[in-house]
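Numbering (the numbering used here), first residue to last: 241 to 334.
Below: the structure, in structure tokens.
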């Protein structure tokens, strides 16, 4: 995939959750919530301070992250559903 996010944005692939509950019940697609867990596919170069100095990204490609439920913009690249979000939308790295 030849896509590189700009500035302090990251490209994220959602990590799908389980299809069954702990009790063995199968959850239908219509009842599933979108996962708030993902893997970073690509990162931008970082934000810039007012004086032009580069602020490096705290995350890198391959990191597993948690993000807010409504974070990011959904895009489809090469037939795959991905998210583009700012680094500040990331809640933490696992």
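Where is the CB? At the ideal position from N, CA and C, for every residue including glycine.
According to the neighbour-count rule (16 or more other Cβ atoms, all chains shown, within 10 Å of its Cβ), is residue i buried or exposed?
i, result
"residue 333", "exposed"
"residue 323", "buried"
"residue 266", "exposed"
"residue 315", "exposed"
"residue 288", "exposed"
"residue 298", "exposed"
"residue 327", "buried"
Along the chain, where does the beta strand (DSSP E) that runs through residue i open and close?
i, result
"residue 282", "277-283"
"residue 292", "Taken as a continuous stretch (DSSP letters only), residue 292 belongs to no beta strand (DSSP E), as it is neither H nor E."
Based on the DSSP output, what are the partners of residue i in its beta bridges?
i, result
"residue 321", "316"
"residue 250", "283, 325"
"residue 304", "279"
"residue 333", "305"
Could you tell me the distance, in whole angstroms, from the CA atom of residue i to the CA atom of residue j?
i, j, result
"residue 319", "residue 313", "16 angstroms"
"residue 300", "residue 285", "10 angstroms"
"residue 293", "residue 325", "22 angstroms"
"residue 308", "residue 290", "28 angstroms"
"residue 278", "residue 310", "13 angstroms"
"residue 251", "residue 245", "7 angstroms"
"residue 304", "residue 243", "19 angstroms"
"residue 253", "residue 280", "6 angstroms"
"residue 296", "residue 306", "20 angstroms"
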